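A quick write-up on the structure given underneath.
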Amino acid sequence: MIRSARLSKIFSLSLCLCTVPATAEELQSVGTSETLTAWHLLGGLGRSHPGWGDTQERVETYDLILRHERKQSVLKGRGWHRNRRSIFIETAIHHLESPDEPPMFALYFQSAWTFRPGKTAQPYLMVGGGPVYTRAEIPGTSSEWKGSYQAGLGVRLALKKREITLEYRFHHLSNGGIEAPNDPLNSDKLLVGFRLNL
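Numbering-wise (our numbering), the sequence shown opens with residue 1 and increments by one.
Take a look at the structure:
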(Lines of atoms letter the chains of each structure in order from A; the text may use other names.)
(Lines give C-alpha, C1' and ligand atoms only; values in the text may rest on other atoms or scores of the structure.)
Protein backbone atom coordinates (compact mmCIF):
# COMPACT_ATOMS: atom_id res chain seq x y z
CA MET A 1 0.00 0.00 0.00
CA ILE A 2 2.83 2.39 0.90
CA ARG A 3 4.69 1.56 -2.33
CA SER A 4 1.55 2.19 -4.39
CA ALA A 5 1.14 5.60 -2.74
CA ARG A 6 4.77 6.48 -3.52
CA LEU A 7 4.34 5.39 -7.13
CA SER A 8 1.23 7.54 -7.46
CA LYS A 9 3.13 10.57 -6.11
CA ILE A 10 6.01 10.01 -8.55
CA PHE A 11 3.62 9.86 -11.53
CA SER A 12 1.77 13.00 -10.37
CA LEU A 13 5.01 14.95 -9.84
CA SER A 14 6.30 13.92 -13.27
CA LEU A 15 3.14 15.14 -14.97
CA CYS A 16 3.40 18.47 -13.14
CA LEU A 17 7.06 18.95 -14.06
CA CYS A 18 6.55 18.25 -17.75
CA THR A 19 3.78 20.86 -18.06
CA VAL A 20 5.93 23.81 -16.94
CA PRO A 21 5.24 26.73 -19.33
CA ALA A 22 7.90 27.53 -21.91
CA THR A 23 10.05 30.63 -21.51
CA ALA A 24 10.30 33.24 -24.25
CA GLU A 25 13.79 31.95 -25.07
CA GLU A 26 12.45 28.41 -25.50
CA LEU A 27 9.68 29.58 -27.81
CA GLN A 28 12.18 31.54 -29.87
CA SER A 29 14.51 28.55 -30.15
CA VAL A 30 11.74 26.28 -31.44
CA GLY A 31 9.79 28.73 -33.54
CA THR A 32 6.59 30.53 -32.64
CA SER A 33 4.63 29.25 -35.64
CA GLU A 34 3.68 26.06 -33.79
CA THR A 35 3.06 24.93 -30.24
CA LEU A 36 5.95 23.92 -28.02
CA THR A 37 4.13 21.05 -26.28
CA ALA A 38 1.41 18.52 -27.09
CA TRP A 39 -0.45 15.64 -25.43
CA HIS A 40 -1.15 12.30 -27.11
CA LEU A 41 -3.12 9.21 -26.03
CA LEU A 42 -2.06 5.85 -27.45
CA GLY A 43 -3.45 2.36 -27.03
CA GLY A 44 -2.56 -1.02 -28.45
CA LEU A 45 -1.31 -4.55 -27.99
CA GLY A 46 2.01 -6.05 -26.94
CA ARG A 47 3.42 -9.56 -27.02
CA SER A 48 6.69 -11.08 -25.83
CA HIS A 49 8.38 -13.71 -28.00
CA PRO A 50 10.00 -16.79 -26.40
CA GLY A 51 13.42 -17.35 -27.94
CA TRP A 52 13.87 -13.66 -28.73
CA GLY A 53 17.05 -13.11 -26.73
CA ASP A 54 16.69 -14.79 -23.32
CA THR A 55 12.89 -14.44 -23.22
CA GLN A 56 11.22 -17.64 -21.95
CA GLU A 57 7.55 -16.70 -21.45
CA ARG A 58 4.82 -15.47 -23.78
CA VAL A 59 3.15 -12.44 -22.20
CA GLU A 60 0.36 -10.51 -23.89
CA THR A 61 -0.68 -7.00 -22.86
CA TYR A 62 -3.19 -4.29 -23.61
CA ASP A 63 -1.35 -0.97 -23.42
CA LEU A 64 -2.55 2.55 -22.64
CA ILE A 65 0.00 5.39 -22.83
CA LEU A 66 -0.41 9.09 -22.08
CA ARG A 67 2.40 11.00 -23.79
CA HIS A 68 3.56 14.56 -23.21
CA GLU A 69 5.67 15.83 -26.09
CA ARG A 70 8.03 18.77 -25.67
CA LYS A 71 9.87 20.07 -28.71
CA GLN A 72 13.58 20.73 -28.14
CA SER A 73 14.90 22.22 -31.39
CA VAL A 74 14.00 23.97 -34.62
CA LEU A 75 13.66 22.00 -37.84
CA LYS A 76 17.07 21.15 -39.27
CA GLY A 77 18.19 19.88 -42.65
CA ARG A 78 16.48 19.84 -46.02
CA GLY A 79 14.23 17.52 -47.96
CA TRP A 80 13.24 14.10 -46.57
CA HIS A 81 15.69 14.27 -43.61
CA ARG A 82 14.46 17.64 -42.31
CA ASN A 83 13.91 16.86 -38.63
CA ARG A 84 13.35 18.13 -35.10
CA ARG A 85 14.26 16.58 -31.73
CA SER A 86 11.62 16.20 -29.02
CA ILE A 87 11.30 14.65 -25.58
CA PHE A 88 8.40 12.27 -24.89
CA ILE A 89 7.44 11.77 -21.25
CA GLU A 90 5.01 8.87 -20.97
CA THR A 91 2.93 7.31 -18.23
CA ALA A 92 1.82 3.82 -19.21
CA ILE A 93 -0.46 1.07 -17.96
CA HIS A 94 0.23 -2.40 -19.35
CA HIS A 95 -2.75 -4.65 -18.58
CA LEU A 96 -1.67 -8.29 -18.62
CA GLU A 97 -4.09 -10.39 -20.65
CA SER A 98 -1.97 -13.54 -20.60
CA PRO A 99 -1.07 -14.50 -17.94
CA ASP A 100 -3.97 -12.96 -16.01
CA GLU A 101 -1.94 -10.94 -13.49
CA PRO A 102 -1.98 -7.41 -12.00
CA PRO A 103 -1.04 -4.61 -14.44
CA MET A 104 2.33 -2.96 -14.89
CA PHE A 105 2.72 0.82 -14.35
CA ALA A 106 5.55 2.67 -16.05
CA LEU A 107 7.14 6.07 -16.52
CA TYR A 108 9.11 6.39 -19.76
CA PHE A 109 11.46 9.08 -21.03
CA GLN A 110 12.00 8.97 -24.80
CA SER A 111 14.16 11.02 -27.11
CA ALA A 112 12.51 11.40 -30.52
CA TRP A 113 13.35 12.74 -33.97
CA THR A 114 10.41 13.80 -36.12
CA PHE A 115 10.91 14.08 -39.87
CA ARG A 116 8.73 16.39 -41.92
CA PRO A 117 8.69 15.49 -45.61
CA GLY A 118 5.18 16.94 -45.88
CA LYS A 119 2.34 18.41 -43.85
CA THR A 120 0.18 15.27 -44.01
CA ALA A 121 2.63 12.58 -42.80
CA GLN A 122 5.36 13.09 -40.19
CA PRO A 123 7.45 9.95 -39.51
CA TYR A 124 9.51 9.74 -36.32
CA LEU A 125 12.09 7.58 -34.54
CA MET A 126 12.35 7.24 -30.76
CA VAL A 127 14.56 5.59 -28.14
CA GLY A 128 14.43 5.62 -24.34
CA GLY A 129 13.10 3.79 -21.32
CA GLY A 130 12.29 4.09 -17.63
CA PRO A 131 11.11 2.39 -14.43
CA VAL A 132 8.26 -0.14 -14.30
CA TYR A 133 6.33 -1.26 -11.21
CA THR A 134 4.25 -4.43 -11.05
CA ARG A 135 3.07 -7.08 -8.63
CA ALA A 136 2.54 -9.54 -11.47
CA GLU A 137 4.08 -12.97 -10.91
CA ILE A 138 5.42 -13.98 -14.30
CA PRO A 139 7.50 -17.18 -14.33
CA GLY A 140 11.23 -16.46 -14.64
CA THR A 141 10.88 -12.84 -13.48
CA SER A 142 11.13 -11.32 -10.02
CA SER A 143 11.19 -7.97 -8.19
CA GLU A 144 8.28 -5.52 -8.14
CA TRP A 145 10.52 -2.80 -9.62
CA LYS A 146 11.89 -3.35 -13.10
CA GLY A 147 13.40 -1.28 -15.86
CA SER A 148 12.62 -0.98 -19.53
CA TYR A 149 14.46 0.22 -22.59
CA GLN A 150 12.80 0.54 -25.96
CA ALA A 151 13.10 1.81 -29.49
CA GLY A 152 10.41 2.50 -32.02
CA LEU A 153 9.22 4.21 -35.15
CA GLY A 154 5.94 5.77 -36.05
CA VAL A 155 4.10 8.23 -38.22
CA ARG A 156 1.69 11.05 -37.47
CA LEU A 157 -1.07 11.57 -40.00
CA ALA A 158 -2.70 15.00 -40.09
CA LEU A 159 -6.31 14.40 -41.09
CA LYS A 160 -8.96 17.07 -41.47
CA LYS A 161 -10.05 17.23 -37.83
CA ARG A 162 -7.64 14.92 -36.01
CA GLU A 163 -3.95 14.02 -35.82
CA ILE A 164 -3.60 10.22 -35.74
CA THR A 165 -0.46 8.35 -34.62
CA LEU A 166 0.58 4.84 -35.73
CA GLU A 167 3.55 3.36 -33.88
CA TYR A 168 5.63 0.18 -33.54
CA ARG A 169 8.12 -0.29 -30.70
CA PHE A 170 10.51 -2.92 -29.35
CA HIS A 171 10.15 -3.18 -25.56
CA HIS A 172 12.68 -4.86 -23.22
CA LEU A 173 11.79 -5.49 -19.57
CA SER A 174 14.00 -6.88 -16.79
CA ASN A 175 15.06 -6.06 -13.23
CA GLY A 176 18.70 -5.37 -14.11
CA GLY A 177 19.94 -8.29 -12.03
CA ILE A 178 18.85 -6.86 -8.65
CA GLU A 179 16.99 -10.09 -7.88
CA ALA A 180 16.97 -13.65 -9.25
CA PRO A 181 15.54 -15.08 -11.42
CA ASN A 182 15.73 -12.38 -14.07
CA ASP A 183 14.52 -13.70 -17.42
CA PRO A 184 13.86 -10.65 -19.61
CA LEU A 185 10.69 -10.03 -21.57
CA ASN A 186 11.46 -8.88 -25.11
CA SER A 187 8.26 -7.70 -26.74
CA ASP A 188 6.95 -5.75 -29.65
CA LYS A 189 4.03 -3.36 -29.40
CA LEU A 190 1.65 -1.96 -31.99
CA LEU A 191 -0.02 1.28 -30.95
CA VAL A 192 -2.52 3.72 -32.42
CA GLY A 193 -3.37 7.08 -30.90
CA PHE A 194 -4.44 10.66 -31.39
CA ARG A 195 -3.47 14.12 -30.28
CA LEU A 196 -5.49 15.54 -27.40
CA ASN A 197 -6.85 19.04 -27.83
CA LEU A 198 -5.86 20.38 -24.40
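For each residue, glycine too, the CB sits at the ideal point set by N, CA and C. Every value quoted in this text rests on a predicted model; they were computed, and no experiment measured them.
Handout entry: Which of helix, strand or coil DSSP assigns to His172
Key = Looking up residue 172 in the sequence shown gives position 172. Strand, per DSSP.
If you count every other CB in all the chains shown that lies within 10 Å of the CB of Ile178, and 16 or more means buried, which is it? What you label residue 178 is simply residue 178 of the sequence shown in a count that begins at 1. A residue is called buried when at least 16 other Cβ atoms come within 10 angstroms of its Cβ; Ile178 does not meet this threshold and is exposed.
In angstroms with no decimal places, state the Cα-to-Cα distance between Gly147 and Leu107.
-> Here residue 147 corresponds to residue number 147 of the sequence shown, with the count starting at 1. Here residue 107 corresponds to residue number 107 of the sequence shown, with the count starting at 1. Spanning the two alpha carbons is a distance of roughly 10 Å.
* Val59 in three-state terms, based on DSSP -> Taking the sequence shown and counting its residues from 1, one reaches residue 59 at position 59. It is coil, neither helix nor strand.
* **Three-state class that DSSP yields for Asn197 in the structure shown** => Your numbering for residue 197 matches position 197 in the sequence shown. Three-state result, Asn197: coil.
Could you pull out every residue in the same chain whose Cβ sits closer than 8 Å to the Cβ of Asp63, ignoring the five residues on either side in sequence?
-> One-based indexing of the sequence shown puts residue 63 at position 63. Closer than 8 Å at Cβ, skipping near neighbours: Leu42, Gly43, Gly44, Leu45, Gly46, Ala92, Ile93, His94, His95, Lys189 and Leu191.
Going by other Cβ atoms of all chains shown within 10 Å of its Cβ, with 16 needed for buried, is Arg78 buried or exposed? Position 78 of the sequence shown, counted from the start, is the residue given in the question as residue 78. So Arg78 ends up on the exposed side.
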